[in-house]
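Note sheet for the following structure.
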Ligand code: ATP
């Protein structure tokens, strides 16, 4: 479990985190999202006890990161956004090094290397120097280094950047396997569609604060309708907002996602009224609200485009 309590952090020139609080339960995968400069990397570094909070703290597995940073490191894996691998070390030596650096010795190191090679699916490449691996394999090896000591908490900063679709799918499967093994994860990323595949909750940050924190299962609540126009019409949002029984989650001049609890008759009436109002409706269909819909709804609520 990870609990962040009223955490603030300042660089010499600016406050990067301002009273951040949230809790991520054991076995959950929290997507950490937000625009550039929102404070995601700074927050992860504070939770990983690599920076000291100005005030507030984070509790990892019951331990306060300010008071027990070394003990926290033993329970935690951290993949930084710009991770380094020793280019000339083979895959298995990279993992051996990571296991030993985290305090394992003797037979425990060998067991850890074998188990991790299986988890990251690099058994066949165990003798290859890391510099001969593809980008996706290097990413998996870096995650392997972070999990070789069997942490209960894993922090991943932009793990999918630069990966092709196949490598992203593999990464997503790996994170789901780690979740099934009970590891609590926080994953920062800008790729919302992919976070949707494995996240159980989403924390949106902006300007050093938490803007919203929702469970993914709550985001699809209520019937959502996707309304598509054939021709753009910049009056779409205003027209929908003025209609009772509808809550607009997201709208631009071509598409809107709205909550709508009416039956088929009500939906037919909505279509008729829209056509009469001059909207060239190409389709109205039921949809599940995506992380992206929820993200833009929360970000737009504060007036961001
Ligand atoms: P991105 O999505 O671009 O990676 P982020 O959400 O991870 O951004 P941070 O890197 O945590 O954001 O930065 C938060 C704020 O702190 C930004 O205003 C940034 O300019 C500032 N900042 C980050 N690192 C430093 C530093 N070493 N010294 C001073 N200010 C910094």
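In the numbering used here, the protein residues as written are 95 to 399. C-beta atoms are modelled at their ideal positions from N, C-alpha and C, and glycine is treated no differently.
Q) Can you list, in chain order, the residues of its chain whose CB lies under 7 Å from that of residue 347, leaving out five sequence neighbours each side? A) 326, 327, 328 and 330
Q: Assign residue 319 to one of three DSSP states: helix, strand, or coil.
A: strand
Q) Around the Cβ of residue 156, are there at least 16 other Cβ atoms within 10 angstroms (buried) or fewer (exposed)? A) exposed
Q.
Could you tell me the alpha carbon to alpha carbon distance between residue 367 and residue 297, rounded to whole angstroms?
A. 37 Å
(Q) Buried or exposed for residue 94, going by 16 or more other Cβ atoms inside 10 Å? (A) Lying before the first or after the last residue shown, residue 94 is absent from the chain, which here runs from 95 to 399.
Q: Give the secondary structure of residue 377 by DSSP, where H, G and I count as helix, E and B as strand, and everything else as coil.
A: strand
Q.
Using CA atoms only, rank isn't needed, just tell me which of 176, 271, 239 and 281 is closest to residue 207.
A. 239
Q) Any heavy atom of ligand 2 closer than 7 Å to the Cβ of residue 140? A) No copy of ligand 2 appears in this structure; the ligands present are ligand 1.
Q. Is the region 198-216 close to the region 283-291, with three or more CB pairs under 8 Å?
A. no
Q: Please name the residue, chosen from 110, 386, 230 and 309, that lies closest to residue 416 on a Cα-to-Cα basis.
A: Past the boundaries of the shown model lies residue 416; the chain is included only from 95 to 399, so the question cannot be answered.
Q: Say whether the region 185-194 touches the region 139-153, bearing in mind that this needs 3 or more beta-carbon pairs closer than 8 Å, one atom from each stretch.
A: no
Q | Pocket of ligand 1 (residues with CB nearer than 5 Å to any heavy atom), chain order | A | 105, 110, 130, 131, 132, 133, 134, 135 and 136
Q) What are the start and end residues of each continuous beta strand (DSSP E) run of 3 or more residues lying completely inside the region 203-287, in chain order? A) 247-251 and 278-282
**Q.** residue 164: first and last residue of the uninterrupted alpha helix (DSSP H) it sits in
**A.** 163-169
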